[in-house]
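K.L.:
Attaching a single structure in structure tokens format; questions to follow.
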Amino acid sequence: MSLITIVQESALQTTAQGGAFDPESTQQLFANTFTGDAARALAPMVSLTVGILVLLVCELFEGLKKIRPAVFLGAILASAWGCWGLWQHTPEIGAPVRVLGGTLLVSQQVGVWGMVFLAATLVAWMQARKYYRQEAPFLGEHDVLMLTAPIGMMMMAGAQDLITFFIGLELLSIPLYCLAAFRRVRNDSVEAGLKYFVLGAFGVAMFLYGAGLLYTATGTMSLPELRQVGEALESPLARTGIALMLGSLFFKASIFPFHLWVPDVYQGSPTPVTSLMATGTKAAAFAFLLEAAFLVPVSAATLIGVLAVLTLAVGNFGALMQKDLKRMLAWSGIAHAGTLLFTVAASAASDGLLSAEATQAAVLYMAAYVFTAGGAFALLSWLEADGEHHTTIDGLRGLGQRRPGMAAGMTLFLLSLGGIPATGGFIGKFFVFGAAVQADMIALSIAGILLSVVALGYYLRVVIAMWMQPAKDGQAPPMAERPWAAACVGFCAAMVVAIGVLPGFLSGSTLFP
Amino acid sequence: MSVPTEHLLILSAILFSIGVAGFFIRRNLIVVLMCIELMLNAANLAFVAGSRHNAFLAGQDQTDLEGPIMVTFVIVVAAVEAAVGLALVIALYRRKQSVDLRELTELEDGSHA
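Heads up: the protein sequence lines correspond to chains A and B, in order.
Following the numbering used here, the numbering of the first sequence begins with 32 at its first residue and continues without gaps.
Following the numbering used here, the numbering of the second sequence begins with 948 at its first residue and continues without gaps.
Here it is as structure tokens:
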């Protein structure tokens, strides 16, 4: 029973009683809706919302501007605490708990996804410190927008209802449209924002139209009820709706053939924002894709698997062509989305039997990817600290002699992106392809693994440029000291190694006991 | 029902297709934004038609509020999107004195910003 139905019934009851307001039934309604579980599910989002409000108040008073970083970090920590509670204290035995009239899921997965989103936000925010020059007066707005996005991601991950998901999607997208165009005196930033906005709005419209068709065909927008409608999901109308919705989600997750916006938008946006888009948005889209994988008919699972391989191929070969490291990371992000799509294919192919394994693999992959790609982008934003791009691969030549620490960090991140053992990237790939093999998608998995090897080609090219090729005369870019960015890189590197060498720390059966 | 659900869905499909076609054909950003609005309203029509259809299937005197509630949310979000979109268009106009999509050429494969 959805929240709307409850409200509707209570309204009808009131009308039946001659329109008299009945405090007792209203109280009952509230008591049934806002339970302790609901409070636990909402705690991470409410902490972030409080953080946003405090930040906005800080903007008003000159003296309070100094405490902005503390407020931001406090909100993230409080929210992470809430997510930790969801992860550690939700019993996985028994029926899944849904709160607020069945619109929001309370589960360990939601808690872990929440922490992944918060990590992505934290990494993006840390590298944004002292990144902006001309835009520095607007940093308050920047922080507020950046804190809004994870609320939307959490809503997407926990949504059990298409309405909730849609609101989450917009809560994530709209701040990112603004952030992408944040450096509005620069042509490339404005262009990235506009491209992202126009195509994003198109994707949302496609999702809504698909949801409308699905709703007309089945009579419900709630995921648990959609699981039960059975044959109504197989009508042509419902199938069309599902296809449109998947297309829109593939757009957000940058899956072939909806990936063309990615390189332009990633290159033009400010690097910290690119980091948030590449890690957070992708994680949120996949969190919901896995939750809604049951909508995909089993017969279409192979198609999804083929799309995954195509995405991997397109991303990898696109990255091979690039001379700019930021753009190369964008193409490599497409390839990583292709790898992640294997989890959705595995879940759909097994008719939901493998959905727990698939979700776990995706969470692990994203947890590693947040720190790997986030760390690489943090290094990039450190390199372009003086406001200009020094991110061509040629510009990185000789970095190993000039700044061995930075070069070592970048090497670690690139090896992890390539999936070398003892890094987090390897663990993620291992679990993802493990789930795909369990779902009997052997041929597609082999193709995927071979394509992942191709990826090493362009990652190693950068490593060689950094360590073995001397800088061309006069091409060594200037360096700025950026303690926040350095801390961010160190944090990411530590997490990549931790996830890589301590698989039991985050993985195996301990993730969702 | 005096107007069958099919007719409403066909109308909404036509509106949606006009929106999609315009989105890909037109080059003026304001017109592109209008096309997106048209697509959103086609979706709204589908939601309302679905709500009526499902209420009718459920029997006499039944209502299905899920669709109309989604429509309210969509209208609100469409307003937000229009605000952000127009702000971005103004930002572009300030830089290029034009709102033509063909002006967006800074970022391409091989370009070094």
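For every residue, glycine included, the Cβ atom is placed at its ideal position computed from N, Cα and C.
Less than 8 Å between CB atoms is the rule here; does N932 of chain B satisfy it with respect to chain A?
P.N.:
Outside the shown range of chain B, which is 948 to 1060, sits residue 932 of chain B, and nothing can be said about it.
K.L.:
Verify whether the separation of the beta carbon atoms of E984 of chain B and I205 of chain A is less than 8 Å.
P.N.:
Residue mapping note: residue 984 of chain B aligns to position 37 of the second sequence, counting from 1. Residue mapping note: residue 205 of chain A aligns to position 174 of the first sequence, counting from 1. For E984 of chain B and I205 of chain A, no; Cβs fall outside 8 Å.
K.L.:
Taking just the CA atoms, how far does V128 of chain A sit from A1030 of chain B?
P.N.:
The residue given as residue 1030 of chain B occupies position 83 in the second sequence. The residue given as residue 128 of chain A occupies position 97 in the first sequence. When rounded, the distance between both Cα atoms is 37 Å.
K.L.:
Figure out for me which residue from B:N988, B:I1037 and B:G1032 has the closest Cα to the Cα of P1015 of chain B.
P.N.:
As a position in the second sequence, residue 1015 of chain B is number 68, starting the count at 1. Checked all of B:N988, B:I1037 and B:G1032; the closest Cα to P1015 of chain B is B:N988.
K.L.:
Mind checking if G1006 of chain B is an interface residue toward chain A, Cβ cutoff 8 Å exclusive?
P.N.:
Indexing the second sequence from 1 puts residue 1006 of chain B at position 59. Not one chain A Cβ lies under 8 Å of G1006 of chain B.
K.L.:
Since S253 of chain A sits in a beta bridge, which residues does DSSP pair it with?
P.N.:
By one-based count along the first sequence, residue 253 of chain A stands at place 222. BP columns for S253 of chain A point to A:D192.
K.L.:
Three-state secondary structure (DSSP) at V235 of chain A?
P.N.:
As a working mapping, residue 235 of chain A is identified with position 204 in the first sequence. It is helical.
K.L.:
Using a Cβ-Cβ distance cut-off of 8 Å, determine whether F233 of chain A contacts chain B.
P.N.:
As a first step, residue 233 of chain A must be located in the first sequence, where it is residue number 202. Interface residue, yes.
K.L.:
Do G364 of chain A and W404 of chain A come within 8 Å of each other at the CB atom, strictly closer than that value?
P.N.:
Within the first sequence, residue 404 of chain A is the residue found at index 373, counting from 1. Within the first sequence, residue 364 of chain A is the residue found at index 333, counting from 1. Here the sequence assigns Ala to residue 404 of chain A, which means Trp is not the residue at that position. Result yes, Cβ atoms of A404 of chain A and G364 of chain A sit closer than 8 Å.
K.L.:
Does the beta carbon of Y489 of chain A sit closer than 8 Å to a beta carbon anywhere in chain B?
P.N.:
Position 458 of the first sequence, counting from 1, holds the residue named residue 489 of chain A. Not closer than 8 Å to any Cβ of chain B, the Cβ of Y489 of chain A fails to qualify, so no.
K.L.:
May I ask which residues mark the beginning and end of the alpha helix (DSSP H) holding L275 of chain A?
P.N.:
As a working note, residue 275 of chain A is residue 244 in the first sequence. Residues P267 to A284.
K.L.:
Does the beta carbon of F169 of chain A come closer than 8 Å to any beta carbon on chain B?
P.N.:
As a position in the first sequence, residue 169 of chain A is number 138, starting the count at 1. Not an interface residue.
K.L.:
Beta carbons nearer than 7 Å to chain A: which residues of the stretch 1028–1050 of chain B have them?
P.N.:
E1028, V1031, G1032, L1035, A1038, L1039 and R1042
K.L.:
Going by other Cβ atoms of all chains shown within 10 Å of its Cβ, with 16 needed for buried, is P303 of chain A buried or exposed?
P.N.:
Numbered from 1 along the first sequence, position 272 holds the residue referred to as residue 303 of chain A. That one is buried.
K.L.:
Under 9 Å between beta-carbons, which chain A residues line up against G1014 of chain B? List them in chain order, please.
P.N.:
What you label residue 1014 of chain B is simply residue 67 of the second sequence in a count that begins at 1. Those within 9 Å of G1014 of chain B in chain A are G243, Y246, T247 and M252.
K.L.:
Mind listing the chain B neighbours of C89 of chain A? Cutoff is C-beta to C-beta under 7 Å, in chain order.
P.N.:
Your numbering for residue 89 of chain A matches position 58 in the first sequence. Within chain B, no residue comes near C89 of chain A; the closest Cβ sits about 23 Å away, beyond 7 Å.
K.L.:
Listing by chain order, which chain A residues have their CB less than 7 Å from the CB of I983 of chain B?
P.N.:
Position 36 of the second sequence, counted from the first residue, corresponds to residue 983 of chain B. Neighbours of I983 of chain B on chain A, chain order: A232, F233 and A236.
K.L.:
Check the DSSP bridge columns for L108 of chain A and list the partner residues they point to.
P.N.:
Here residue 108 of chain A is taken as the residue at index 77 of the first sequence, counted from 1. DSSP, once it has assigned bridges, lists no residue as partnering L108 of chain A.
K.L.:
What are the boundary residues of the alpha helix (DSSP H) that R433 of chain A is part of?
P.N.:
The sequence position of residue 433 of chain A within the first sequence is 402, counting from 1. Here the alpha helix (DSSP H) through R433 of chain A covers L430 to R433.
K.L.:
My assumption, with CB atoms under 8 Å, is that A524 of chain A sits in contact with L443 of chain A. Please give the rounded CB distance.
P.N.:
The residue labelled residue 524 of chain A in the question sits at position 493 within the first sequence. The residue labelled residue 443 of chain A in the question sits at position 412 within the first sequence. Confirmed, Cβ separation roughly 6 Å.
K.L.:
Pull out every residue of the stretch 985–1000 of chain B whose Cβ sits closer than 7 Å to any Cβ of chain A, in chain order.
P.N.:
M986, L987, A989, A990, A993, F994, A996, G997 and H1000
K.L.:
Can you grab the Cα-Cα spacing for the pair A556 of chain A / L356 of chain A, in whole Å?
P.N.:
Outside the shown range of chain A, which is 32 to 544, sits residue 556 of chain A, and nothing can be said about it.
K.L.:
Taking Cβ positions only, does L958 of chain B come closer than 8 Å to chain A?
P.N.:
Locating residue 958 of chain B in the second sequence gives position 11, where the first residue counts as 1. Interface with chain A (8 Å Cβ-Cβ cutoff): L958 of chain B is excluded.
K.L.:
Give the single residue among A:A439, A:L108 and A:V221 whose Cα lies nearest to the Cα of Y297 of chain A.
P.N.:
As a first step, residue 297 of chain A must be located in the first sequence, where it is residue number 266. Ranking A:A439, A:L108 and A:V221 by Cα distance to Y297 of chain A puts A:V221 first.
K.L.:
Which residues in chain A have a C-beta closer than 7 Å to the C-beta of V1021 of chain B? List them in chain order.
P.N.:
Mapped onto the second sequence, residue 1021 of chain B falls at position 74. Within 7 Å Cβ-Cβ: L239.
K.L.:
Go through its chain and collect everything with a Cβ distance to P951 of chain B's Cβ below 8 Å, but skip five positions before and after it.
P.N.:
Position 4 of the second sequence, counted from the start, is the residue given in the question as residue 951 of chain B. Excluding the 5 residues flanking it on each side, P951 of chain B has no same chain C-beta neighbour closer than 8 Å.
K.L.:
Between B:Q1044, B:V1023 and B:C982, which lies nearest to S964 of chain B when the distance is taken from Cα to Cα?
P.N.:
Here residue 964 of chain B refers to the residue found at position 17 of the second sequence. Here the closest residue by C-alpha is B:C982.
K.L.:
Roughly how many angstroms separate the alpha carbons of W112 of chain A and Q58 of chain A, rounded to a whole number?
P.N.:
Your numbering for residue 112 of chain A matches position 81 in the first sequence. Your numbering for residue 58 of chain A matches position 27 in the first sequence. Computed Cα separation, rounded: 30 Å.
K.L.:
What did DSSP end up calling T423 of chain A once you bin it into helix, strand or coil?
P.N.:
The count along the first sequence starts at 1 and reaches residue 423 of chain A at position 392. Reduced to three states, the DSSP call for T423 of chain A is strand.
K.L.:
Please compile the residues from chain A whose C-beta is within a distance smaller than 8 Å of the C-beta of V979 of chain B.
P.N.:
What you label residue 979 of chain B is simply residue 32 of the second sequence in a count that begins at 1. V229, listed in chain order.
K.L.:
By how many angstroms is the C-alpha of V493 of chain A removed from the C-alpha of F196 of chain A?
P.N.:
For the purposes of this step, residue 196 of chain A is taken as the residue at position 165 of the first sequence. For the purposes of this step, residue 493 of chain A is taken as the residue at position 462 of the first sequence. Between the alpha carbons of F196 of chain A and V493 of chain A lies a gap of roughly 39 Å.
K.L.:
Note the first and the last residue of the continuous alpha helix (DSSP H) segment covering R492 of chain A.
P.N.:
Here residue 492 of chain A refers to the residue found at position 461 when the first sequence is read from its first residue. Looking at the DSSP string, the run of the alpha helix (DSSP H) that includes R492 of chain A is I473 to M499.
K.L.:
With a threshold of 8 Å between beta carbons, is I98 of chain A in contact with chain D?
P.N.:
Among the chains of the structure shown, chain D does not appear; the protein chains present are A and B.
K.L.:
Check whether the Cβ of M32 of chain A lies closer than 8 Å to any Cβ atom in chain B.
P.N.:
The count along the first sequence starts at 1 and reaches residue 32 of chain A at position 1. Unreliable positioning characterises M32 of chain A in this predicted model, as indicated by a pLDDT of 45, which lies under 50. A coordinate reading is not provided.
K.L.:
Can you pull the DSSP bridge partners for N975 of chain B?
P.N.:
Numbered from 1 along the second sequence, position 28 holds the residue referred to as residue 975 of chain B. Per DSSP, B:D1047.
K.L.:
Quick check on L136 of chain A: does DSSP put it in helix, strand or coil?
P.N.:
Here residue 136 of chain A refers to the residue found at position 105 of the first sequence. Three-state result, L136 of chain A: strand.
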